[in-house]
Every structure is written in structure tokens, then in C-alpha cells.
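Protein chains in written order, with this note's numbering: chain A, 1 to 465; chain B, 1 to 83. Each residue gets a CB set at the ideal place from its N, CA and C atoms; glycine is no exception. Below is one structure; the comments refer to it alone.
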Amino acid sequence: MVSYDHIIIGGGLSGLAAGIRLARFGFKVLILEQHSRPGGLNSYYYRQGRLFETGLHAMTNFADPGKKDAPLNRLFRQLKLSRKAFATLQQQQSTILFPGDRSLRFTNDPQVLIDEVARLFPESAERFRKLVDLVVGHDPFQPRPFASARKILTKELANETLADMLLWPLMMYGNSCEHDMDFDQFVIMFQSIFLEGFFRPEGTIKDFIDLLLNHYRDLGGEIRYLAPVKSVTQDAGRVRSVVLASGEELAAKFFLSTAGYPATLVFLGQDDPSRLDQYSGKMSFVELIYLIPSEIRSKLRAEDTIIFYNFDSPFDYCCPDEAVNVNCGVICFPENFQDLTIGNECQVRVTHPANYHHWKKLSQDEYYPMKSLWAKRSEAVVGKIIGNYSQNIVYQDSFTPITIERYTGKVNGAIYGSPEKIRDGRTSMSNLFVAGTDQGYLGIVGAMLSGVTMVNQHLLQTSEH
Amino acid sequence: MNKEEIRDVILEIIQDIDEDADISDLQSDLPLRDQLDLDSMDFLDIVMELRKRYKLQIPEADYPELASLDSCVAYLEPRLKDS
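Okay, here's the thing in C-alpha cells:
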């Protein structure tokens, strides 16, 4: 049997980051990816000769290369990649829209949001400034039980609408719980989005994944595609090997699973339904992707990078009763980044919360009409915000919770994973750890930091090698 | 390796970890972390790089011995004398 120092299950961004970190220090590492392509939630596909990115609207945690202690720059140092050589484009601006024409604009300069809060909610301006101080002074990485961000915000801001408006983008960008958010998670997301901000790589997500992959291979790392793991063999509290769907068995001293906690429990044979349900997220989404001619941009409200809108009152971040909730969503103009040249066609991407079970029960014959139906309903609502674009669509595509589940292995299509995070990355096996979405950090930068952190904590500082 | 060689190795590793590290006026008796603005994640890289290059296992309890350039040299000299 072929044997490795480390086997990493999953070639998404957390798995690639972990792999680079281990290969960098001379370990023999293998990444097993179930699909024919790396990237996991953040990947790409081609339609009509054009590359479409999945997942990526914008990366969070923008920081200039000189800011050494910023998460983005620490990540690049840890991976031994040059931050200076990584060209980034910052967002233009983003807007939060709520009922009653309330809107809050924010950019990568936190002062803009502070001024906007003072304009819209003058009575809460001082309290908001204090909240920013509270966030900056709070260390979210100390182990603590769940604390309700909603309760803390209600107390600190004494303004429920403002609290909801702040929560909405942060929840939409990475909250696996319904209705509320853990305060530590709120602090991480507040820093990542409101204080540091949105950017994207100058190239595509494919360029970024290729950069990571080439670096990993140059350091001696191995990756195998179309290699789904079926189970693991165990011996005295340790994992001995992974068994692939093909029946092939591969051994290692240590294992890191980025396949999600429920999938990891299945590998271990600890798959009783109530336990799986406890760690299966309920938040999933549909995304509609449109190509429109760039010249019609002048007739649309198209100056934002991202619009986070909500027309539901009261606001509630949850799995909808219907198949899709078009009353709230995210409208992204992926071309709206500073210094990005816009071609003849541009994209509009719209994301709404969706109910996995409604989509799961559909037959093949019902599935496509259902997608068209909800796309129409979405266009009617989004058209009211940005102007009518449905007459001008050159090409359109969409994905549902079912698409997400099929391509990422995320149970219930829950992209943000389990509402209960495995913060320390430990499992019932002493040499098997979890990283990625279910360990706790979210987004591209967060997932990669999760891979790096779990390797640092569990796999580098051990004398067992 | 002698003291001077060990010193050079440490400086080389630091520059390898951080493309912006300014080692020109490093005080050899003061903590590296403060002077170079290194965090614990960067510090781990020094330990791992020594492990990779010289098969040297440094237990976590000994990490304080690597605080300054002088203390690194003192700690590593007996351990790398045959390297």
C-alpha cells in the first residue's frame, strides 16, 4: 500500500492551503479531490467558451501588502507566496437596502459606513462608533460558547433596524445558523467586510487556483482528481488508511478532512441520522447568473459592487418556507472593481436564500421549469432595484441547492456548512482533523486560514513524524 | 557549523519567511519577534525550516530559547556542530 505523511481529503481552498503548508516543510502529502477540478466551492466552469466563476463574488479581508499583521498578508507569508506579486482590485462601493428606502453605503474605507450610519440614524451614531471600538478590541479566537450577536447588538445600538442592516451582509457572506449569528463570528465578519473590505484578484479564480496548485506541486505535493473517499479504516483510535470509491486503499500518518463534518462522520461510519442532522446546515441558496451587453449598464443602477437588499419585515435570515425567497438577496456586479476593464458583455449575479428540500423532491421534468419560474420571480424583484434587464439577457445560467450539493458534497447544499463548528478541528480519531467551512472560518481567505491553522496546531508541532 | 554560520542561516531563514524583513539593524540580544514584527505563525516557520534543513526537532518547551539572535546561536551551536 502506498503510504504518505499526510492525506488531505478535498482539494478546495482549505485543502490546497493545508497541502502547501505541509509540502513546504518537506512532508510527503497527497490531496484527494472527488471532482475533475480543484477549488471546491470556489471553482469555475466554461459555457459558450466563456469562463464563469462559482462562489467568488468578492474576496473579503482586503489589506495593502505593507500591513504585515492583516489576515490576508499573514496567509500569503504562511503559504510562502509573494503578496506583492498578487495584484488585487478593490471594490467600488456596496449598499445595504432595507424597507422604507433605507440604504447604507460602504466601501473599503470604514469612515464611509460610520458617516452613512450617522446620516441615516443620527440618534445611533455615537453608539455605532462604540460598537466599532468593541469589535476592534474583541478577540474572536478565544474559545467561548455561542453568544447571540443579535442580543449584543440590540443592547449596544438600541436600534433594531440598524442591527438588522448590519447583520444582513455579514450573515449572507458566511453565517451557517438561522435567525442569529455567533458574536465571535459577527466580529470576524465585521472586520473582514466592514473594516477591511471587498476585493478580487486581478485574474480569475482559475488563475488563483492555478497559482496555488502550481506552488503546491513545485513543493513536491501530489493531487489526485476523481478520487472520492468512501470510508476510512481504523485501528485503536487512529485512522490507518482511506478507502477510495474505486476500492484502492491509501495509508498515512495523519489525515485532514475538508469534506465537511457530516461527510467526515460518514467516512468514519459514525453516520446515525440524528448526529448527521445536528451538523447539517439549513442555509442554502440559488444563484442566477446573467450576461448582459455592457452598453445597457448606463440605463441600470449599476455602480455598486454588491447590493444587499431585504424587503421582508421583520427581517429574518433563515431557510425560506417556499423554494426561494426573492424578497431578500444579493445583487453582484462582478465587473465593478476599481481599475477593471469592462468588455462588451458584463455579468449580473443574484443570490437568494433557498429551501433545499423543495428542490430535492423535484423530478427531472419539474426541476428545469421550477428554475425558470423562480428566475422570472427574481427578475421582477431585482428589476425594481436596478432597472429592467430581463429584455437584454444574452445568456443566463443558474444553480440551486442541488447543484451545490452535487459539486461540493455539502450536505443539503449548505455552503456555509454546519451551524455547530468544530473549532479545535479534533475528531474521535487522534490523527484525523477537520479543516475548512466546518472548522469555523468562512470565505476564501477564511477557508485558507483554516487549513493553515489546523496544520500549524495539529500537524507540524508533533514528534510523531 | 560555527556561530557565524548559524547566525547566517537564521538570517537567511527570516528573509525567506518574510520578503519585507529588514535585518540591516537587528540587535542580536533583543527579541526577534518585536524587532521584525513576527507573529507566532511566522515564528513556527523558523522552527519548521530548521527541522527540514537539519532534521532538528525542537520541542515546544524550548521555543523561548530562540527568542533573540544570540540565544538562537547559543541554543543551536551544540545541536548543529556536526551539520
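Three-state secondary structure (DSSP) of residue i
i: Gln-93 (chain A); result: coil
i: Glu-366 (chain A); result: helix
i: Phe-62 (chain A); result: coil
i: Ala-259 (chain A); result: coil
i: Tyr-45 (chain A); result: strand
i: Val-73 (chain B); result: helix
i: Ala-375 (chain A); result: helix
i: Gln-347 (chain A); result: strand
i: Pro-419 (chain A); result: coil
i: Tyr-356 (chain A); result: helix
i: Thr-88 (chain A); result: strand
Opening and closing residue of the beta strand (DSSP E) in which residue i lies
i: Leu-291 (chain A); result: 284–293
i: Asp-235 (chain A); result: 229–235
i: Ala-147 (chain A); result: It is not in any beta strand (DSSP E) - Ala-147 (chain A) carries neither H nor E in the DSSP assignment.
i: Leu-486 (chain A); result: Residue 486 (chain A) lies beyond the stretch modelled for chain A, which goes from 1 to 465, so this question has no answer here.
i: Arg-50 (chain A); result: 50–53
i: Tyr-4 (chain A); result: 3–9
Residue from the options whose Cα sits closest to the Cα of residue i
i: Val-2 (chain A); options: A:Val-455, A:Asp-321, A:Arg-406 and A:Lys-253; result: A:Lys-253
i: Phe-199 (chain A); options: A:Phe-62, A:Val-452 and A:His-6; result: A:Phe-62
i: Ser-192 (chain A); options: A:Asn-388, A:Ala-259, A:Asn-108 and A:Gly-436; result: A:Asn-108
i: Asp-339 (chain A); options: A:Tyr-4, A:Pro-71, A:Ile-292 and A:Gln-92; result: A:Gln-92
i: Glu-287 (chain A); options: A:Gly-247, A:Asp-397, A:Tyr-4 and A:Leu-195; result: A:Asp-397
i: Glu-475 (chain A); options: A:Ala-435, A:Leu-226, A:Glu-249 and A:Glu-366; result: Not covered by the structure: residue 475 (chain A). The range shown for chain A is 1 to 465.
i: Phe-194 (chain A); options: A:Lys-151, A:Val-135, A:Asn-214 and A:Pro-38; result: A:Val-135
Cutoff 8 Å: residue i Cβ touching any chain B Cβ
i: Ser-124 (chain A); result: no
i: Leu-460 (chain A); result: yes
i: Phe-308 (chain A); result: no
i: Lys-84 (chain A); result: yes
i: Arg-423 (chain A); result: no
i: Phe-121 (chain A); result: no
i: Asn-456 (chain A); result: yes
i: Phe-141 (chain A); result: no
i: Phe-433 (chain A); result: no
i: Gly-26 (chain A); result: yes
i: Arg-217 (chain A); result: no
i: Arg-74 (chain A); result: yes
i: Arg-77 (chain A); result: yes
Boundaries of the alpha helix (DSSP H) in which residue i is found, first to last residue
i: Ile-13 (chain B); result: 3–17
i: Tyr-407 (chain A); result: 401–408
i: Leu-32 (chain A); result: That residue, Leu-32 (chain A), is in no alpha helix (DSSP H); its beta strand (DSSP E) goes 29–32.
i: Ile-114 (chain A); result: 110–120
i: His-215 (chain A); result: 205–218
i: Arg-127 (chain A); result: 125–137
i: Ser-40 (chain B); result: 40–54
i: Leu-226 (chain A); result: Run containing Leu-226 (chain A): none; DSSP gives neither H nor E here.
i: Pro-99 (chain A); result: Taken as a continuous stretch (DSSP letters only), Pro-99 (chain A) belongs to no alpha helix (DSSP H), as it is neither H nor E.
Beta carbon proximity, residue i to chain A, threshold 8 Å
i: Lys-52 (chain B); result: yes
i: Leu-69 (chain B); result: no
i: Asp-62 (chain B); result: no
i: Asp-95 (chain B); result: Residue coverage of chain B in this structure runs from 1 to 83, which leaves residue 95 (chain B) outside it and unanswerable.
i: Asp-37 (chain B); result: yes
i: Met-48 (chain B); result: yes
Next item on the list: Residues of the region 5–25 of chain B with a CB closer than 9 Å to any CB of chain A: list them in chain order, please.
Entry: Answer set for the region 5–25 of chain B: Asp-16, Ile-17, Asp-18, Glu-19 and Asp-20.
Next item on the list: Mind checking the region 44–72 of chain A against chain B and listing, in chain order, the residues whose C-beta falls within less than 7 Å of any C-beta there?
Entry: Residues are counted here when their Cβ sits less than 7 Å from a Cβ of chain B; for the region 44–72 of chain A these are Lys-68 and Asp-69, given in chain order.
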